[in-house]
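Residue numbers (the numbering used here): 4 to 735.
Let me begin by presenting the structure, written as structure tokens, before commenting on it.
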Amino acid sequence: MTISVWRFSHLMLALISSIFIVLASLTGMVLAFEPISNQLQDYKVESMDEVSLATTILNLANTYDEVLHVEVDNNEFVIASVLTNEGESETFYVNPETGEKLGDIIEKASVFKFATNLHRSLFLKSTGRFIIGLVSFFLFLMAITGIILIAKRQGGITRWFSKVVNENFEQYYHVLLGRYLLIPISIVAFTGVYLSLEKFDLLPESDIKHSYPEVVEVDVVRTPISEFELFRSLKISEVKSIEFPFSEDIEDYFFIKLADKELLFNQYSGDIVSEQPYAMVQMASQWSFVLHTGSGTIVWSVVLFLVCIGLLFFIYTGFAMTLKRLKNNEKVSNSIMKDDAEYIILVGSETGTTYTFATLFFKALITAGEKAFISDLNSYTGYDNAKQLIIFTATYGEGEAPTNAKQFGKHLDVTVQNKLEYAVLGFGSLMYPEYCKYAIVVDALLQQHKEFTPKLPLFKINNQSQEAFKLWVRQWSESNAIALDVKFRDSIKDQKSSKSFKVMERSALNVDRSFLIRFKPQQRVKFESGDLLSIKINSDETARLYSIGKLNGDILLSVKTHDKGLCSNYLNDINANDMIKAGIQRNYDFHFPEYADEVVMIANGTGIAPFLGMISDNKKKKKIHLFWGGRTKASFDMYDKVIYQAFDKKYISSINIAYSQEQDEQNYVQDLIAQKDEFIANHLKNEGVIMICGSLEMQNSVLETLQNITNTRLKMSLSAFENMEQIKMDCY
């Protein structure tokens, strides 16, 4: 498996430290509740920001025989060590306004003691502390490499919060949560390292040394504490601690710790004898303790708890992705040598997904009896008997080559090659400005090379679309006169989720050999317009997906029959009251956007089905503009009743129709979009949503038109609007 240095570093650090991170996370989850439980105690006085240090000292002095020490902890509880009037030494929480005792010092619960010892040192004392410090350092490096990987994946740090491509559960949430948790994880890890360095005295010397004045034997008049200017101006909430003079000798001083400095204070005159600011090392120690433990703050304690949960989740998803990547990148055994093969398949894949598609194609070629060879793009060399080079490649980061394809350009320049035909298949996401850029680069390199001739134009696949891949396979099969059967494995979950549906009605075939069919679920099942109905005729075939329109609780499909279409002909042969088995696949990214005030719906042919359901459900009468393309005016007859009834009810605001085979007004749906360029630009500018459903050819043409509109009129890339969820697509 070829992976980038950042991903390799990230993985190795995880492998080395995962067990310790799990222990630290579990104990950290427990310890996150300690500051919360402390904060919930009723020992904090709300008016602390108004009570002066002078008032606190006088109240304590009037209540107890002697005051030894006062401290304000991270919870903002005031702790006093005193000699009571009965002569007993006690330490407890006090009310700084009145001096009264509020309660005894909170004793650390045994569960927190256990968790603290395990979290800090694994019960191994100094050895354990060293291990935990080292693991904290590894975690910090993992967070940094994780930030770099996400930035590369998203197309740059400026696109950090852009929409995440959903390839699978583990990948999606690993990236999605990583964007929010990697910063606090970095803070927790760094502060853990800092506290470990402090424990082993590896930080610069930072002890404060006060200079004591020479004692002069003179009579000094004692100024009352209530008149000390500093004590009157300082609020008790600003004080960390104050140590009282041991005796009434003039050389004994008040010792005061503030957030950023220490003071020696003359007990007679109230003058500052010595003032020493804390070094940066000490300030960092204070902040490291608070940020690592959450002491004194419920909000940050909750964040730390979420960080611990996140770390456990990242370990699970990280290893799950690695295993899946290993499986995807597992090299298929080539049964023949490269110089004996006629079809050479080279793959550029960063995460292994592209390799999955390439392997399916390779196996289909072998099954068809063809001599095929598969390898990485980095392995490109001369091929003695090859007839065609087929390249499958993803794009990494900001238009970069995947790791296993970075050397392809160099090899291409120096390799002596026989004349070859070629085809390039690019994988990417339209959410990124550099959509399939590396595939475009590879196609351009081959076009410029005198020994290569294109067999098919560059083909791009958005978000690993199986339907798009099947379309390309059909095109390749037809151009090469080789019948290929590429089979995707349906998940066990999909197979088990089949429900029964009863045919309520169906229309006759129209001029395009299309028809409408309506099903009623026989069991309770949740679905919306835009979801997918999965129909599988037999176990050897891949399930066929149809976009759903929901009408009064029923499922409406618009189906086009094909001569060799197993599923479409099956649906064409069933009649009212017949029963079928099918599954529902939720398609959340293609539901009607309730957050939008205005929606443009673009479809061609049978792609109108989900829009029929969305329009009929537009009871709030939001503005919907329909753009539809068909072959002839007769093609629209099947839908016109539903559409114009909705128009009369004001469920739809405008209807725009293109006919590709009408002599007097021949155009396509993308032509309608181009004619309405100002309207489309304003629609996107005003946060309107565009939904596209239909064929992939239509989708690509419409996207190209939309890209031109956003570039020329809005000076923005179309991907920016997709990231803002203003572009929704379900094409096949």
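For glycine and all other residues, C-beta sits at the position ideal for the given N, C-alpha and C.
(request) Using 10 angstroms around the beta-carbon of Met-727, count the other beta-carbons present and answer buried if the total reaches 16, otherwise exposed. (result) Exposed: under 16 other Cβ atoms inside 10 Å.
(message) Quick check on DSSP: helix, strand or coil for Asn-337?
(response) In the structure shown, Asn-337 sits in coil (DSSP, three-state: anything other than H, G, I, E or B).
(message) Taking 6 Å as the limit between beta carbons, can you name the residues of its chain near Lys-463, skipping five residues before and five after?
(response) Hits under 6 Å: Gly-429, Cys-439.
(request) Kindly give me the distance between the Cβ atoms of Leu-206 and Leu-200, rounded to whole angstroms, as I take these residues to be in contact under 8 Å. (result) Contact flag correct, Cβ pair sits at about 5 Å.
(request) Determine the direct distance from the alpha carbon of Tyr-175 to that of Lys-730, and round the result to whole angstroms. (result) Strictly speaking, residue 730 in this sequence is Ile, with Lys absent from that position. Rounded to whole angstroms, the gap between the alpha carbons of Ile-730 and Tyr-175 is 19 Å.
(message) For Asn-618, which residues in the same chain have their Cβ closer than 7 Å to its Cβ, ignoring the five residues on either side in sequence?
(response) Here residue 618 turns out to be Ile, not Asn, going by the sequence shown. Result list for Ile-618: Ile-627, Ala-649, Tyr-654, Ile-655, in chain order.
(message) Count Cβ pairs between the stretch 235-247 and the stretch 59-79 that sit closer than 8 Å; are there 3 or more?
(response) Contact check between the stretch 235-247 and the stretch 59-79: three or more CB pairs, one atom from each, fall below 8 Å, which counts as touching.
(request) Quick one: measure Cβ to Cβ for Gly-691 and Glu-601, integer angstroms, because I've assumed they're closer than 8 Å. (result) At roughly 4 Å, the Cβ-Cβ gap stays under 8 Å, so Gly-691 and Glu-601 are in contact.
(message) Using CA atoms only, rank isn't needed, just tell me which of Tyr-591, Ala-684, Ser-304, Leu-125 is closest to Leu-43.
(response) Checking every option, the nearest Cα to that of Leu-43 belongs to Ser-304.
(request) Please state if the CB of Ser-550 and the CB of Ala-612 are separated by a distance shorter than 8 Å. (result) The answer is yes: Cβ separation under 8 Å.
(message) If I follow the unbroken beta strand (DSSP E) through His-72, where does it start and stop?
(response) 69-75 is the extent of the beta strand (DSSP E) around His-72.
(request) Have a look at Thr-354 and Ala-486 and give me their C-alpha separation to the nearest angstrom. (result) Distance between the alpha carbons of Thr-354 and Ala-486 is about 29 Å.
(message) Pop quiz: Tyr-425 and Lys-458 are said to be a contact at Cβ under 8 Å. What is the actual Cβ separation, rounded to whole angstroms?
(response) Tyr-425 to Lys-458, Cβ: 6 Å. Contact.
(request) Look up Asp-342 in the DSSP assignment and say whether it is helix, strand or coil. (result) Secondary structure of Asp-342 (DSSP, three-state): helix.
(request) Note down the Cα distance separating Val-85 from Leu-233, rounded to an integer number of angstroms. (result) If I take the Cα positions, the gap works out to 23 Å.
(request) Identify, in the order they occur along the chain, each residue of the same chain with its Cβ nearer than 8 Å to the Cβ of Tyr-441, setting aside the five sequence neighbours on each side. (result) Cβ within range, chain order: Gly-351, Thr-396, Ala-397, Thr-398, Tyr-399, Gly-402, Glu-403, Ala-404, Pro-405, Ala-408, Gly-429.
(request) Report the partner residues of Lys-644 according to the DSSP bridge assignment. (result) Residue pairing from DSSP leaves Lys-644 without any beta-bridge partner.
(message) Mapping the DSSP letters down to three states, classify Lys-496 as helix, strand or coil.
(response) Summary for Lys-496: the model assigns pLDDT 45, below 50, so the residue's position carries little reliability; its value from the coordinates is reported in the next sentence. DSSP places Lys-496 within a helical segment (H, G or I) once states are collapsed to three.
(request) Express the C-alpha separation of Ile-658 and Gly-632 in angstroms, rounding to a whole number. (result) Gly-632 and Ile-658: Cα-Cα distance of roughly 11 Å.
(request) Could you check if Asn-578 is buried or exposed, using at least 16 other CB atoms within 10 Å of its CB as the buried criterion? (result) By the neighbour-count criterion, in which a residue is buried when 16 or more other Cβ atoms sit within 10 angstroms of its Cβ, Asn-578 is exposed.
(message) Relative to the C-alpha of Asp-592, which candidate in Thr-148, Phe-36, Val-645, Val-168 has its C-alpha closest?
(response) Taking each of Thr-148, Phe-36, Val-645, Val-168 in turn and checking the Cα distance to Asp-592, the smallest one comes out for Val-168.
(message) What does the alpha-carbon distance come out to for the pair Gln-669 and Gln-450?
(response) Each residue's alpha carbon lies about 34 Å from the other.
(request) Return the first residue and the last residue of the beta strand (DSSP E) that Met-145 is part of. (result) Going by DSSP, Met-145 is part of no beta strand (DSSP E) but of the alpha helix (DSSP H) stretching over 128-157.
(message) Taking the alpha carbon of Lys-623 as the reference point, which residue from Gly-610, Leu-629, Tyr-642, Lys-652 has its own alpha carbon closest?
(response) That would be Lys-652, whose Cα lies nearest to the Cα of Lys-623.
(request) Decide if the stretch 520-540 is in contact with the stretch 705-716; the criterion is three or more beta carbon pairs, one per stretch, under 8 Å apart. (result) As far as the Cβ criterion goes, the stretch 520-540 does not touch the stretch 705-716, which means the pair count is below three.
(request) Within 10 angstroms of the Cβ of His-295, are there 16 or more other Cβ atoms? Answer buried if so, exposed if not. (result) Buried, because 16 or more other Cβ atoms sit within 10 Å of the Cβ of His-295.
(message) Rounding to the nearest angstrom, what Cα-Cα distance links Glu-454 and Cys-570 in this structure?
(response) C-alpha separation (whole angstroms): 43 Å.
(request) Measure the beta-carbon distance from Gln-506 to Ile-587 and round it to whole angstroms, keeping in mind my assumption that it falls under 8 Å. (result) The question names Gln, yet the displayed sequence has Val at residue 506. About 16 Å; that fails the 8 Å criterion.
(request) Could you round the C-beta distance between His-177 and Thr-320 to whole angstroms and report it? I think they count as a contact, below 8 Å. (result) Correct: roughly 4 Å between the Cβ atoms.
(request) Go through its chain and collect everything with a Cβ distance to Lys-473's Cβ below 8 Å, but skip five positions before and after it. (result) Within the same chain, Lys-473 has close Cβ partners Val-489.
(request) Find out if the Cβ-Cβ distance for the pair Ile-259, Ile-60 is shorter than 8 Å. (result) Not closer than 8 Å, so no.
(message) Nearest by alpha-carbon distance to Ile-19: which of Ile-318, Gly-299, His-213, Phe-639 is it?
(response) Proximity to Ile-19 across Ile-318, Gly-299, His-213, Phe-639 peaks at Ile-318, based on C-alpha coordinates.
(request) Measuring alpha carbon to alpha carbon, tell me which of Leu-548, Ser-378, Glu-531, Ser-298 ends up nearest Ile-538. (result) Comparing Cα positions, the closest option is Leu-548.
(request) Keeping to the same chain, check which residues put their C-beta closer than 6 Å to that of Phe-115; ignore five residues upstream and five downstream. (result) If the five residues before and after Phe-115 are omitted, its C-beta is found closer than 6 Å to the C-beta atoms of Glu-37, all from its own chain and listed in chain order.
(request) Consult DSSP for Trp-163 and reduce its assignment to one of helix, strand or coil. (result) Here Trp-163 sits in coil by DSSP.
(message) If I follow the unbroken beta strand (DSSP E) through Leu-448, where does it start and stop?
(response) First-last for Leu-448: 440-451, but that is the alpha helix (DSSP H), not the beta strand (DSSP E).
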